[in-house]
Every structure is written in C-alpha cells, then in structure tokens.
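Undergrad: Before we start, here is the structure in question, set down as structure tokens.
Number of protein chains: 2
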Amino acid sequence: MTNELKDLFSFLRFASVSTDSKYAADVRACGEWLIQKLQGMGLTAELHETPRHPIVLAKNEHVEGRKTVLIYGHYDVQPVDPLSLWKTGPFEPEIRDGRIWARGATDNKGQMLAHLLGVEKTLREEGELPVNLIFLFEGEEEIGSANLKPFLEAHKDELKCDVIAISDTGMVAPGVPTLGYGLRGISACEVIVRGPKGDLHSGLFGGAVANPATAVARLVASLHDDNGRIQVEGFYDDVRPLEDWEREMWAKVPGVSEQDFLDVTGSPSLFGEEGYSSAERTWARPTAEVNGIGGGYQGEGSKTVLPAEAFAKLTFRIVPDQDPVDIIQKVKRHLEAKCPPGVEIEVKIGHDAQPYATDPHSKFGLAAQTALKKAFNADPVLIREGGSIPIVQTFRDVLGVDTLLLGLALADAQIHAPNENFPVENFEAGIRLNQALLKELAAC
Amino acid sequence: MTNELKDLFSFLRFASVSTDSKYAADVRACGEWLIQKLQGMGLTAELHETPRHPIVLAKNEHVEGRKTVLIYGHYDVQPVDPLSLWKTGPFEPEIRDGRIWARGATDNKGQMLAHLLGVEKTLREEGELPVNLIFLFEGEEEIGSANLKPFLEAHKDELKCDVIAISDTGMVAPGVPTLGYGLRGISACEVIVRGPKGDLHSGLFGGAVANPATAVARLVASLHDDNGRIQVEGFYDDVRPLEDWEREMWAKVPGVSEQDFLDVTGSPSLFGEEGYSSAERTWARPTAEVNGIGGGYQGEGSKTVLPAEAFAKLTFRIVPDQDPVDIIQKVKRHLEAKCPPGVEIEVKIGHDAQPYATDPHSKFGLAAQTALKKAFNADPVLIREGGSIPIVQTFRDVLGVDTLLLGLALADAQIHAPNENFPVENFEAGIRLNQALLKELAAC
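Just so you know, the protein sequences line up as chains A and B, in that order. The numbers in full-length UniProt numbering rise by one with no breaks, and the one at position 248 of the first sequence is 248. The numbers in full-length UniProt numbering rise by one with no breaks, and the one at position 366 of the second sequence is 366.
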C-alpha cells in the first residue's frame with residue numbers, strides 16, 4: 001500500500017459524525033490528526049475552536065505577487081445507519097475491486113486528502129508551491145456549516161484570496177473530468193404532529209380522535225400533486241429557467257442518461273417533474289423530499305396503537321434564484337394551513353444553504369478546465385450539481401470570491417448511504433489534479 | 001398485601017409479550033405458573049402445545065345436569081415500547097393511588113386472575129362450584145389467536161358448554177357495571193413501498209426518482225377524505241346501522257361524553273365521522289388507523305437521504321356485518337390501485353377478527369346483569385365495545401355458544417400503552433363478580 005493510501009486509511013478511521021453529539025470527541029481527534037499531518041508537511045496549521053466542531057486552517061509561506069488559492073474541504077461525515085447494510089465496517093476502510101470502502105471515502109475525506117497530498121508531493125518535488133495556499137477544512141459541513149460563516153467574517157483579511165477550489169461534487173462518469181458551475185441549495189425542516197397525550201388503544205379510541213400518523217401522512221401528501229409537481233404556493237416563483245446551451249450540453253454529457261439514472265439508483269422506474277430530463281431534474285429543478293418519516297409501532301409484528309405523535313423530516317433542494325429562507329417560510333405556511341383537524345403541528349426550521357451558479361468560462365474556470373484535462377487526459381464537461389455545499393455562496397458573500405467545483409465523486413459512490421466508496425484511481429487523479437491546478441492558476 | 005394481590009403481582013412479573021419471539025420463554029413460563037396455581041386449587045389443569053404459545057385448560061369435576069360455563073382469558077400481553085415513558089418498570093408491578101401499575105394489569109391478567117381467584121374463594125367457602133367450569137386461557141390473543149380455533153375444533157366435545165364469560169372489555173366509568181353485547185372486528189395489513197435499491201443522497205438523486213416515504217404517505221392519505229370518511233371503495237357497504245334504542249341508551253351512559261373522551265385521550269380536539277357521537281364512532285362505526293409509519297432517517301438531527309423503502313402498519317376496525325377478509329381485500333385493491341408511479345408496493349395481510357353482536361336480553365344476559373348488580377351494587381349499562389376479541393366470533397362458530405362480556409377495564413387503564421394500570425377495587429369486584437356470576441348462571 002502506498003503512503004498516500006495509508007494516510008487516507010488513517011483519516012477514514014475517525015468516526016467524525018458531526019450531527020450526533022456522541023461522536024464529538026471523534027470529530028475533534030480527526031481535526032487534530034489533520035493538524036499533525038499539515039505541520040509535518042511544513043505548513044503552518046492551527047485548530048480553531050467554534051461553538052461545536054473545530055476548523056482547521058493551514059498555509060504555506062505567502063509571497064507577494066503570487067495568486068492566492070483557498071482549498072476548502074470538510075472532515076466530518078454523515079451518520080452510518082442502517083449499519084446492518086454495510087458489507088464492512090464504515091470506519092474500517094478496505095480496498096476491494098479497486099475502490100476504497102468507508103464512510104467519508106468520497107464525501108469528503110478522500111477528495112480533500114488528495115488535495116493535501118498533492119501539495120505534499122509538489123513540496124517534495126519542487127521545494128515550494130507556485131501559489132499562496134490556504135487550506136480551510138471544517139467539521140460541520142454535513143450539519144449546515146453554522147460556525148463557518150462567523151469564522152470567515154472574523155478572519156476575512158487572513159482568508160483574502162483570488163479563487164477557491166473544492167472537490168466535493170460529482171464526476172459524471174469514470175474518467176470524464178467534470179467542472180461544476182452550479183449547485184442546488186437546501187432548506188430543511190422537521191414537522192412534528194401531536195394528538196393524544198399518550199399512545200392509545202386503537203380499538204377503544206380509534207374513530208373518535210385524529211391519528212397523528214395519518215395527519216403527518218396527509219401533510220406529506222399535500223406537498224406534491226400526482227405528477228410530482230410541488231404544491232406549496234409560490235414555490236416555483238423564483239426558479240431561473242434553464243438556458244438552451246445548458247440543455248444541449250447536458251444532453252451529451254456521459255453518465256447521466258435515463259438508463260444511467262435507472263442503473264445507479266436501482267429504482268423500478270424514473271419519476272419526476274414533467275418536461276425535464278433526469279439531469280435537468282437533479283441539477284436545475286427544485287424538490288421536496290422526505291428524508292425520514294416515523295410514528296407509532298416500529299418493531300416486529302403488529303401493535304394496535306394510535307400513536308401520540310408522528311414526524312416527518314423534510315428537505316427542499318432549491319435552485320437559482322430561489323432563497324432558502326423565503327422557501328422555508330412558504331413551506332411552513334403551507335404545512336400549518338394544511339394541518340388536519342384534531343392534532344397540533346410544530347414546524348422546526350432546520351439548516352439551509354443558498355443555491356449557486358458561476359461562469360465556467362472565466363479565466364479561473366478555463367485554468368481549472370486545463371488542469372482537469374491534464375489530470376485525466378480527457379476533455380472536461382461542464383455541469384451543475386444536485387447537491388448542496390452550504391458555504392459556496394457564503395464564500396462569495398463574505399470573501400467576494402468564486403469557487404471552482406472539481407468533483408471526483410462517482411454516481412455510485414454511495415455517499416450518505418451504506419457502503420460508501422471511492423475509486424483508488426480517482427484518489428490518485430485527485431493528487432495529480434491538485435498539482436496541475438495550482439500550476440495553471442498560478443499562470444492564468 | 002392480600003394473598004390475592006400477591007398472586008396477581010407474581011402473574012404480572014412474567015414478560016409474556018406474544019408478538020416478539022424473543023419473549024417466547026417468558027410466555028411459556030407464565031402459562032406454567034397458571035398450571036401450578038390451578039392445580040393447587042384442586043382443578044385439573046393441562047398445558048396444551050400449539051405451533052407457538054401454549055394454551056392452558058382447566059376444569060373442576062363435572063356433574064351431570066349442571067350448567068357448563070367456559071371462562072376465557074389471555075395471559076399474553078402487548079409490547080411495552082416506548083419503555084422510556086413508563087414511570088415504573090412494566091414488569092415490576094406496584095400499587096400507587098389505589099391502582100396496580102404494570103403491563104397486563106388490566107389487559108388481561110388482572111381481569112382473568114379475578115375469575116380464577118373468585119373460583120378459588122368459592123371452592124374454599126363452599127367446597128364446590130355451582131356449575132361445571134372450564135377455564136380456557138391462551139397466550140396469543142394480542143397476535144390474533146391463530147392457534148385457538150384449531151384447538152377449539154380439536155377439543156370441541158371437551159369444550160361443550162352453555163355459555164362463555166370473558167372479562168376483557170371496558171367499564172364505562174368507575175363503579176358502573178357494564179355488560180358488553182358487541183365488539184368491533186379487525187383486519188390488519190402492512191404496506192411496504194420500495195424504490196431505489198439502497199438509500200440515496202437526496203441532493204444527487206432527488207427529483208429524478210420517486211421517494212418511497214412520500215409514496216407511503218400518499219397511500220395513507222388516500223384512505224380518508226378531509227372529513228375522516230374512509231375512501232376505500234365499498235368499505236361501508238355492509239355496515240349495520242345503529243338502532244334507535246342503542247343511540248338513546250348510549251347517550252345516557254356515563255363516562256363516554258364528548259368531554260370524557262377529550263379528558264381521557266388528551267387530544268387537542270375530537271375528530272371523526274360526521275353525524276355520530278364519540279361513543280357511536282368507537283362502538284359502532286368502522287375505522288382505518290395507522291398503527292405505525294416509518295422510513296428513512298429516524299435519529300437526532302438531519303440526514304439528507306432519499307430512503308430505499310418505507311412502511312405503514314394499518315388496522316381497520318370493522319363492525320357487524322362487515323367481513324374482515326372482504327374488507328382487507330378491498331383495502332389491498334385500493335392500495336395497489338393508488339400506488340404512485342416509480343415505486344413498488346407489497347401489501348402483507350395480517351391477522352383479523354370478526355365483529356360480534358349478541359342479545360343482551362337473553363336469559364344468560366339477564367343472569368349476567370344480576371351478577372353485575374350484586375358485585376357492584378349498581379344497575380348495569382348495556383354497551384358495545386370498540387376493541388376486538390378475535391375469538392368471540394370463533395366461539396360462536398365452533399362451539400355454537402354466545403359470550404357474555406363482563407368488562408372491568410377503565411378508559412384510562414392505558415392498555416396497549418405505557419403505564420397500564422388496574423384499580424385494586426376493580427380487581428376485588430372482579431372476584432365478587434365471578435362468585436355471583438357462577439351462582440346466577442347455575443340458577444337461570
């Protein structure tokens with residue numbers, strides 16, 4: 001095993017699950033491991049405390065007149081449940097079939113460590129970097145990056161840069177370098193519906209009081225019509241229409257055909273908003289998704305209970321020029337208005353992120369395309385991305401700088417799901433990409 | 001503590017949860033404890049094996065010319081979750097505020113043991129019983145009594161009797177003796193909706209494939225209209241209308257006013273089928289209830305996942321003259337027809353029970369009314385009951401005999417829910433009731 005892979009395995013062994021407070025010590029230990037590694041490479045590196053999980057900041061020695069490049073990544077990961085579906089332990093990385101299997105392998109530890117190791121390699125080969133480098137790694141990306149914006153504001157001068165690069169998005173197909181120029185945003189909420197003061201016998205009381213599980217189902221059902229169109233009033237008002245060149249390019253992008261979506265998801269058939277391809281539905285159209293629904297008896301067999309409460313965890317993926325705060329307020333009004341009689345509703349508003357779009361033909365965009373071509377020896381494609389990186393818009397707002405999205409994640413990487421994985425070849429290409437990128441950005 | 005309460009505490013300490021196979025040994029141990037107790041009283045008692053949990057059968061010495069009375073009860077109990085809501089351990093009985101607190105205290109261990117101890121007392125006081133007695137106690141009532149019907153058929157001659165008595169239904173209010181003459185039946189099913197082959201990232205794939213949690217919510221929502229009327233085609237076809245005398249009597253029955261239902265359930269308001277009181281809705285009208293709904297992320301915080309599958313556990317309470325098999329077939333057709341595109345549906349049909357009604361003015365009904373009056377020193381009321389006792393109709397079908405429902409359960413007994421309880425005075429009245437009942441039935 002190469003030293004690079006050994007480093008990645010060490011990094012992946014930390015159970016740095018940010019959403020669940022019982023893993024707080026693992027998140028911190030993971031951040032401290034990064035500090036050690038960065039200092040060992042000769043960078044200055046510091047762990048910055050936040051109200052929750054620490055931020056890692058590192059720099060080389062900055063030289064007047066050079067471009068300053070900020071590379072962002074996150075070392076926190078999603079929860080692992082259902083654990084029983086993992087073929088090997090989520091925090092016991094393994095290589096099988098040319099892929100590295102572990103929680104965070106793709107999202108985001110594998111991709112961010114490739115940048116770190118690319119820098120290490122350049123430093124070893126060249127003695128110095130062609131740019132002024134800032135590494136900014138956070139531990140709260142999977143929970144909405146609440147403490148990053150205050151950190152950016154407090155360290156605005158120190159973080160001044162010309163351009164930002166992130167590898168936390170998708171590659172359309174193996175071997176096809178991909179430059180992302182847009183992201184969906186997100187608005188999250190949890191709906192809790194409460195009825196009787198405790199669970200009731202459904203025989204003795206069924207028929208006389210509203211059932212919170214029925215009520216939550218009716219609320220969820222009210223979000224869409226039969227064709228999958230979202231029914232929240234004003235939801236589509238600010239959606240920016242697709243441009244013709246985008247639809248033409250995306251129709252030719254490999255890896256995102258209807259058959260590809262069927263193969264990767266394993267769904268019995270595709271389903272979505274009429275008049276759009278699957279790529280268009282996921283990259284440029286908003287959604288309303290149930291991430292979790294629950295209430296009443298969850299165990300084996302049956303239990304004739306009328307539950308006291310039920311919940312639905314909802315997220316709305318939004319696109320330019322929708323605003324997450326506006327959207328979640330519209331959703332809240334919709335849910336409160338649709339709440340069935342006999343129950344009480346609470347809508348807890350969760351994290352959010354702005355949607356994002358930039359120009360892939362700027363000088364930095366062109367430099368990134370060249371670096372991608374060098375790393376993969378193929379022409380890059382230009383796409384948007386269905387996921388959300390909550391801080392890309394924040395970088396633009398606070399630092400006034402655009403972000404290059406140099407994604408290395410494959411569609412079947414199983415991120416946020418059991419059996420997450422990352423191809424060894426993408427990890428190695430990521431290291432080459434970092435070296436080429438810093439060179440091209442220095443020269444552009 | 002009296003010897004009777006000591007016996008009840010011993011009985012309640014068995015975790016005889018029938019639905020969950022990990023408690024199988026506890027169910028059996030509970031049945032064996034009954035055998036010991038019955039034999040100690042001088043009855044012949046035998047544990048009969050079934051494919052799942054054993055049946056307890058006991059008799060006194062039968063004398064030609066006497067009436068034969070079968071008393072039925074069940075020694076299995078409902079699951080206890082959510083365990084965190086119990087004030088004291090569900091299998092660690094305690095007396096507080098004049099009530100016995102434990103799983104099964106009311107449903108059905110407290111009520112059935114009162115009959116057993118009434119017989120013990122009569123034997124001690126009189127040396128013999130006035131009737132030929134059969135005790136029949138099963139361990140599968142909470143899971144649909146699948147093995148009782150074959151047992152009845154196999155032991156039809158041995159179980160020949162004139163009338164059956166069961167205490168497993170409600171008293172309308174403390175101190176008001178209650179004779180039940182009708183029960184709702186039940187049809188159960190579980191709907192499982194499957195979409196992608198595994199959980200997906202809701203950003204990368206949301207919008208392109210159907211979400212099984214959304215689909216299951218839409219299916220549940222399709223069961224009712226906005227007024228709570230069930231939308232399954234033909235669902236109400238065979239519902240027997242209420243008779244005028246029933247509506248008049250029920251309007252005067254204490255403990256079942258709209259305010260009583262509000263107080264006992266703690267629901268923010270009542271909700272049900274238009275044109276019926278709460279008593280009528282629960283005693284004589286059918287329902288469609290969600291007993292459990294689930295899918296996707298259930299933990300703390302959020303997880304942006306598009307779940308691979310979701311489920312709903314449904315039960316339908318049915319009334320004379322609906323048929324549970326006919327109803328569940330109608331429900332299955334409804335769910336399959338309403339299944340949204342992009343997912344696959346499986347409808348697993350569960351247990352069922354016939355609804356029941358008999359004449360409360362028969363000679364046995366009148367004897368039961370007299371016994372109730374003696375035990376409680378008050379006039380009994382005549383009601384139906386919202387719950388299901390799956391085997392009452394089976395007794396009629398196999399043994400050709402009607403059942404007297406002599407309920408001792410209060411509305412706030414929390415049966416099937418955390419903090420189940422049974423008043424000590426009802427336990428003591430149950431012992432008196434058994435003694436009076438056998439005397440009145442012998443003489444009628």
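From the three backbone atoms N, C-alpha and C, an ideal C-beta is built for every residue, glycine too. These numbers come from a predicted model, not from an experiment.
Are SER18(A) and GLU140(A) closer than 8 Å when you measure CB to CB?
TA: Going by C-beta atoms, SER18(A) is nearer than 8 Å to GLU140(A).
Undergrad: When DSSP labels each residue in this structure, what does ARG240(B) get in the three-state scheme?
TA: Note: ARG240(B) maps to coil in three-state DSSP.
Undergrad: Using a 10 Å radius around the Cβ and a threshold of 16 neighbouring Cβ atoms, would you call THR2(A) buried or exposed?
TA: Exposed: under 16 other Cβ atoms inside 10 Å.
Undergrad: Can you list, in chain order, the residues of its chain whose CB lies under 6 Å from that of ILE349(A), leaving out five sequence neighbours each side?
TA: Answer for ILE349(A): CYS189 and ILE328, listed in chain order.
Undergrad: Since GLN298(B) meets chain A, which of its residues come closer than 7 Å, beta carbon to beta carbon?
TA: Near GLN298(B) (Cβ distances below 7 Å), the residues of chain A are GLY292 and GLY294.
Undergrad: Under DSSP, the beta strand (DSSP E) around ALA347(A) begins and ends at which residues?
TA: A small fix is needed here, since residue 347(A) is Val in this sequence, not Ala. 344-353 is the extent of the beta strand (DSSP E) around VAL347(A).
Undergrad: Based on the DSSP secondary-structure assignment, which residues constitute the bridge partners of ASN421(B)?
TA: Answer is TRP101(B).
Undergrad: Between the Cα of ALA105(B) and those of ALA417(B), PHE395(B), VAL264(B) and GLN369(B), spot the shortest distance and give me the residue it belongs to.
TA: Of the candidates ALA417(B), PHE395(B), VAL264(B) and GLN369(B), the one whose C-alpha sits nearest the C-alpha of ALA105(B) is ALA417(B).
Undergrad: Which word fits ASN60(A), buried or exposed, when buried means at least 16 other C-beta atoms lie within 10 angstroms of its C-beta?
TA: Label assigned to ASN60(A): buried.
Undergrad: Report the three-state DSSP secondary structure of CYS189(B) (helix, strand or coil).
TA: Strand at CYS189(B).
Undergrad: Contact check, SER202(A) vs LEU306(A) under 8 Å by CB: the rounded distance?
TA: Confirmed, Cβ separation roughly 4 Å.
Undergrad: Which of the three DSSP states, helix, strand or coil, is assigned to GLY207(A)?
TA: Three-state DSSP puts GLY207(A) in coil, outside helix and strand.
Undergrad: What's the call for ALA217(A), buried or exposed, on a 16-neighbour Cβ count within 10 Å?
TA: So ALA217(A) ends up on the buried side.
Undergrad: Helix, strand or coil for ASN108(B) per DSSP?
TA: ASN108(B): helix per DSSP, three-state reduction.
Undergrad: Between VAL172(B) and PRO254(B), is the Cβ-Cβ spacing less than 8 Å?
TA: Yes. Within cutoff.
Undergrad: Which one of PHE205(A), THR315(A) and TRP283(A) has the shortest CA to CA distance from GLU243(A)?
TA: Comparing Cα positions, the closest option is TRP283(A).
Undergrad: Just to confirm the assignment, what range does the alpha helix (DSSP H) spanning HIS334(B) have?
TA: From DSSP, the alpha helix (DSSP H) with HIS334(B) extends over 324-338.
Undergrad: Please list the residues of the segment 50-78 of chain A that have a C-beta atom closer than 9 Å to any C-beta atom in chain B, keeping them in chain order.
TA: Within the segment 50-78 of chain A, the qualifying residues are GLN78.
Undergrad: Give the residues from the segment 304-320 of chain B that approach chain A closer than 7 Å (Cβ to any Cβ), ordered along the chain.
TA: Answer in chain order: THR304, VAL305, LEU306, ALA310, LYS313, THR315 and ARG317.
Undergrad: Sort ALA436(A), ASP379(A) and SER16(A) by Cα distance to LEU179(A) and report the nearest one.
TA: Comparing Cα-Cα distances from LEU179(A) to each of ALA436(A), ASP379(A) and SER16(A), the minimum goes to ASP379(A).
Undergrad: Looking only at its chain, what residues have a beta carbon closer than 6 Å to the beta carbon of GLN393(A), apart from the 5 residues adjacent to it on each side?
TA: Cβ within range, chain order: GLN354 and TYR356.
Undergrad: Determine the extent of the beta strand (DSSP E) in which THR178(B) is found, giving its start and end residues.
TA: From DSSP, the beta strand (DSSP E) with THR178(B) extends over 178-183.
Undergrad: Let me check understanding here. Comparing Cα to Cα, which of LEU223(B), PRO324(B) and SER302(B) lies closest to GLU289(B)?
TA: Among LEU223(B), PRO324(B) and SER302(B), the Cα nearest to that of GLU289(B) is on LEU223(B).
Undergrad: Return the first residue and the last residue of the beta strand (DSSP E) that VAL56(B) is part of.
TA: Counting along the chain, the beta strand (DSSP E) containing VAL56(B) begins and ends at 55-59.
Undergrad: With DSSP as the reference, identify every bridge partner of VAL172(A), one or two as the case may be.
TA: None; VAL172(A) has no bridge partner.
Undergrad: Taking any Cβ of chain B, which residues in the segment 110-122 of chain A have a Cβ under 7 Å from it, in chain order?
TA: So the list is empty, because no residue satisfies the distance condition.
Undergrad: 8 Å is my cut-off, CB to CB: does ASP199(B) come that close to chain A?
TA: Yes - at least one Cβ of chain A is within 8 Å of the one on ASP199(B).
Undergrad: In this structure, what does DSSP give as the bridge partners for GLU289(B)?
TA: The partner list for GLU289(B) (beta bridge, DSSP) reads THR315(B).
Undergrad: Between GLN435(A), GLU425(A), GLU440(A) and ILE166(A), which has its C-alpha nearest GLY98(A)'s C-alpha?
TA: Of GLN435(A), GLU425(A), GLU440(A) and ILE166(A), the residue nearest in Cα terms is GLU425(A).
Undergrad: In chain B, what lies closer than 7 Å to GLU344(A) by C-beta?
TA: Here the neighbours are PRO268.
Undergrad: I'd like to know whether the C-beta atoms of TYR72(A) and GLY31(A) end up nearer to each other than 8 Å.
TA: Not closer than 8 Å, so no.
Undergrad: Do you know offhand how far ILE55(B)'s Cα is from ALA146(B)'s?
TA: Going from the Cα of ILE55(B) to the Cα of ALA146(B) covers about 12 Å.
Undergrad: Is the beta carbon of THR169(B) closer than 8 Å to that of ALA409(B)?
TA: Result yes, Cβ atoms of ALA409(B) and THR169(B) sit closer than 8 Å.
Undergrad: For GLN259(B), does the count of other Cβ atoms within 10 angstroms reach 16, so buried, or fall short, so exposed?
TA: So GLN259(B) counts as exposed.
Undergrad: For ARG384(B) and LEU183(B), what's the separation of their Cα atoms in angstroms?
TA: Using only the alpha carbons, I get a separation of about 6 Å.
Undergrad: Exposed or buried, GLN322(B), counting other C-beta atoms within 10 Å across all chains shown (16 or more means buried)?
TA: Answer is buried; the Cβ neighbour count reaches 16.
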